[in-house]
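All remarks here apply to the structure that follows.
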Amino acid sequence: MTAAERSSVGSRVDGILNINKPAGLTSHDVVARVRRLTGQRKAGHAGTLDPMATGVLLVCLGQATRVAEYLMRGQKTYRATIRFGVTTDTYDAEGTVTQETPSFELSEQQIERALDSLRDIGMQIPPPYSAVRLGGLRLYALARRGIAVEAAPRPVKIETLELVAWQPPFATLEIRCSPGTYVRSLAHDLGQSLGVGGHLTVLTRLGSGRWHLDGAITLEQLQAAVEAGDWSDLLHPLDAALEDLPRLDLPHELIARLAEGQLVQIAEAPDTPLARAYAPDGVLWALVKPSPQQPGWWQPRKVFAR
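To convert a position in the sequence shown, counted from 1, into our numbering, add 564.
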């Protein structure tokens, strides 16, 4: 790497990396690795993956950390492998075995019937080892202390739940679901409904919203790009997280007022609770929302500092 290329590492950039997370690292570990490789101090991820899971993990850098909440709203797609006959306390292969069914027979038809009941669930109880908070503490922290608690059910939506392979005692599923759905819980509940128990052994996130695994990069590919001095070519712009929102192209004077936190009047604005505001040069400057007190006027929701 030349001196010029080395100097570019660490200068602030704004954008999103679609990382193919490897197994064995936490989502926080991946962010820390990206931070070290790129020299970016401001970084975060959108949508946690468990350490054993692989696949799409969106890492936001610079101003893109402020749009992570919009990335997390996207529908998720997973491929999951379940091992029947063994139940664990974490509902996955990293937990302690709590129950075993040494001998059993299951047919594809039985599994399909059990899947039918899961396709229609509207609420789901998070697993005991999860990051859900209860009384200010994470469930996993309580579980590690031996405190048995059950979180309140949370709304979920299962769009598709398909059996794609059955090699006893392993079943592979493809799942498209709402954000916040715990695939570990689906695996556990499926095993319970079949009367033999089960736990998640492999999980790959194939997609998150518009982001897909075939467009993801490995940490090794990112490192190679950093060493070549062209890693910024792998970045997606932060407004890629906001493509579902209407776009407003505004003159410089209105952009300047929004940048100062002021309200602006926008003629023929769309009927929407949120929109993207762009300067004449095509640069995204702010997210704006209608003023509740002054119809026809808009106020900044987020201004992206330059």
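Using N, Cα and C, we set each Cβ at its ideal position, and we do this for glycine too. No experiment lies behind these values; they were computed from the predicted model shown.
Use the C-beta contact count for residue i: other C-beta atoms within 10 angstroms, 16 or more gives buried, fewer gives exposed.
i, result
"Asp813", "exposed"
"Thr724", "exposed"
"Gly579", "buried"
"Ser591", "buried"
"His816", "exposed"
"Ser749", "buried"
"Asp803", "buried"
"Pro691", "buried"
"Thr612", "exposed"
"Gln731", "exposed"
"Arg769", "buried"
"Pro854", "buried"
"Asp753", "buried"
"Thr836", "exposed"
"Gly626", "buried"
Using only the alpha-carbon positions, how far apart do residue i and residue j sit?
i, j, result
"Ala657", "His776", "25 Å"
"Asp596", "Gly608", "Note that residue 596 corresponds to Ala in the displayed sequence, not to Asp. Rounded to the nearest angstrom, the two C-alpha atoms are 9 Å apart."
"Ile685", "Leu822", "44 Å"
"Arg605", "Glu824", "26 Å"
"Ile689", "Pro586", "27 Å"
"Val594", "Gln857", "44 Å"
"Thr662", "Met636", "33 Å"
"Ala751", "Gln826", "50 Å"
"Trp795", "Ala780", "14 Å"
"Pro810", "Tyr655", "41 Å"
"Cys624", "Leu589", "17 Å"
"Tyr642", "Gly771", "7 Å"
"Gln639", "Val790", "31 Å"
"Ala644", "Leu727", "10 Å"
"Leu679", "Glu738", "12 Å"
"Pro743", "Val720", "8 Å"
"Ser575", "Arg599", "12 Å"
"Thr660", "Asp653", "6 Å"
"Arg677", "Asp614", "28 Å"
"Leu799", "Pro864", "26 Å"
"Pro834", "Val852", "11 Å"
"Leu706", "Gln756", "Legend: pLDDT at Leu706 = 47, less than 50; position of this residue unreliable, no value from coordinates given."
"Lys866", "Pro733", "50 Å"
"Leu758", "Ile722", "19 Å"
"Thr765", "Arg718", "24 Å"
"Gly793", "Leu622", "21 Å"
"Ala716", "Thr745", "14 Å"
"Val747", "Gly860", "44 Å"
"Ser681", "Ala729", "19 Å"
"Pro801", "Met687", "35 Å"
"Glu672", "Glu807", "41 Å"
Comparing C-alpha positions only, which one of the options sits nearest to residue i?
i, options, result
"Gly603", "Leu786, Ala644, Thr765, Gly649", "Leu786"
"Leu783", "Leu601, Ala716, Val577, His592", "Leu601"
"Arg683", "Thr765, Thr651, Gly579, Arg740", "Arg740"
"His763", "Ala735, Ala792, Ala780, Arg769", "Ala735"
"Ile583", "His592, Leu802, Leu737, Val620", "Val620"
"Gln829", "Pro844, Leu818, Arg630, Pro837", "Leu818"
"Gly773", "Val747, Leu848, Ala610, Leu625", "Ala610"
"Ala805", "Ala780, Val790, Leu798, Arg840", "Arg840"
"Ile675", "Ala789, Val760, Met616, Val847", "Val760"
"Ala843", "Gly793, Leu670, Gly771, Phe868", "Phe868"
"Val847", "Ala820, Asp835, Lys853", "Ala820"
"Glu832", "Trp862, Leu799, Ala617", "Trp862"
"Ala850", "Gly860, Pro859, Leu838", "Leu838"
"Leu767", "His800, Ser757, Ala632, Met616", "Met616"
"Thr629", "Val577, Ala729, Asp680", "Val577"
"Ala618", "Tyr634, Asp797, Asp835, Asp778", "The question names Ala, yet the displayed sequence has Thr at residue 618. Of the listed residues, the one whose Cα sits closest to Thr618 is Asp778."
"Ala632", "Ala788, Gln673, Ser671, Leu581", "Leu581"
Would you say the beta carbon of residue i comes nearer than 7 Å to a heavy atom of the ligand MN?
i, result
"Pro691", "Of ligands this structure carries none, so the ligand MN is not represented either."
Complete beta strand (DSSP E) runs within the region 653 to 696 (minimum length 3 residues, chain order):
Counting only runs of 3 or more, we get 661 to 664.
What beta strand (DSSP E) runs, 3 residues minimum, are completely inside the region 743 to 796?
762 to 772
So, does the region 642 to 649 touch the region 662 to 677, judging by three or more C-beta pairs under 8 Å?
Yes, the region 642 to 649 touches the region 662 to 677.
Could I get the ranges of all uninterrupted beta strand (DSSP E) runs contained in the region 787 to 861, with 3 residues as the minimum, in chain order?
Complete beta strand (DSSP E) runs here, min 3: 811 to 813, 839 to 842, 848 to 854.
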